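Here is the structure we will look at, set down as structure tokens.
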Ligand SMILES: [Mg+2]
């Protein structure tokens, strides 16, 4: 039976293990498209939208952003995603798969909130066999900043289900995920497997902090 509860998942550091390899396709696309070397070095991608990151790289290289440049980059990025889809650059974080499937079969509405472009999110989550469990999401093309992306995710989910959700949860690995949950009026479960330490997360008072999904011993 469908529950009137929406659960919004972050991707990197939450569903996908975050390490230096996760961003390789994006980094290679940046270098190839701009004909530079190590263009992503020193650029913090954590909890940022892909477009925002791309703009910073352009600025670092004294180039002005244009939609034309962006669209050109997207083509190269897609070919990189295709090139890497059978490699192991994207791996499951903790026991995310079991928990996602469990919620899905119990009738929760599952959505994504990510700075990733939807095309990147789709490649990554299809590789892990998890894309199909998500109704919709807010992605890098839906806004430059996390709150805009989250608003878009919620709007799409409400439209798809034609309902106001009685309860909402955000699950993510960063302080920004906690702030995003507050912004949406959702409860938040912080997971310690990503960019931010338990100490750092605790300071923002998430409703729960977990190290793995099986730590969630309560009903959402
Ligand atoms: Mg994350």
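In the numbering used here, the protein residues as written are 638 to 857.
Glycine included, every Cβ here is placed at the ideal spot set by N, Cα and C.
Because the structure is a prediction, the values reported are computed rather than measured.
Pairing residue 766 with residue 750 gives a Cβ-Cβ distance that is not under 9 Å. In the DSSP secondary-structure assignment, residue 806 is bridged to 644, 824.
The continuous stretches of beta strand (DSSP E) do not include residue 709, which lies in the alpha helix (DSSP H) extending over residues 704-721.
In the displayed model, residue 727 falls within coil according to three-state DSSP, outside both helix and strand. Under the three-state reduction of DSSP, residue 650 is assigned to coil, being neither helix nor strand. 755 is the residue among 824, 755, 764 whose C-alpha sits nearest the C-alpha of residue 789. Taking C-beta atoms under 8 Å as the contact rule, residue 830 and residue 810 qualify, at a distance of about 6 Å. Taking 8 Å as the cut-off, the C-beta of residue 648 counts as close to a heavy atom of ligand 1. In the structure shown, residue 756 adopts helical secondary structure according to DSSP, grouped into three states. Contact annotation: residue 698 and residue 671 have beta-carbon atoms nearer than 9 Å. The residue from 652, 683, 822, 791 with its alpha-carbon nearest to that of residue 731 is 652. Here residue 765 carries a coil assignment [DSSP, helix/strand/coil]. With a minimum length of 4 residues, the unbroken runs of alpha helix (DSSP H) contained wholly in the segment 665-704 fall at 687-697. Around the C-beta of residue 676, 16 or more other C-beta atoms lie within 10 Å, and the residue is accordingly described as buried. In this chain, the alpha helix (DSSP H) harbouring residue 786 covers 783-798. Exclusion of the five residues before and after residue 735 leaves 850, 851 as the residues of its chain whose Cβ lies within less than 8 Å of its Cβ.
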